[in-house]
Amino acid sequence: LIMSVNPGFGGQSFLASQAAKIAQVRAMLDAAGSSALLEVDGGVTPETASICRAAGADA
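For the sequence shown, counting from 1, position 25 maps to 19 in our numbering; every step adds exactly one.
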């Protein structure tokens, strides 16, 4: 699970900088041969979901 907002405060916008972290974690999971799902939580909208998916998130 990757948090894409600052934890503890509701209603925040997605932090675009987290797309790089999503891609980095996806690469690590793939390199390890892991079948773990990579999920993103916080500020995800239909628009930001496509960014997350393109970076390698599953959900």
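All residues carry an ideal CB built from backbone N, CA and C; glycine is no exception.
Since the model is a prediction, treat every value here as computed from it, not as a measurement.
| Query | Result |
| --- | --- |
| Assign Ala25 to one of two classes, buried (16 or more other C-beta atoms within 10 Å of its C-beta) or exposed (fewer than that). | exposed |
| Would you kindly report the start and end of the unbroken alpha helix (DSSP H) that includes Asp52? | Looking at the DSSP string, Asp52 is not in any alpha helix (DSSP H), and its letter there is neither H nor E. |
| Decide yes or no for the touch test of the segment 0 to 17 against the segment 28 to 37: beta carbon pairs closer than 8 angstroms, at least 3 of them. | yes |
| List the DSSP bridge partners of Ile16. | Answer by DSSP bridge pairing: none, since Ile16 is not bridged. |
| Select from Lys15, Phe3, Val(-1) the residue whose C-alpha is nearest the C-alpha of Leu32. | Lys15 |
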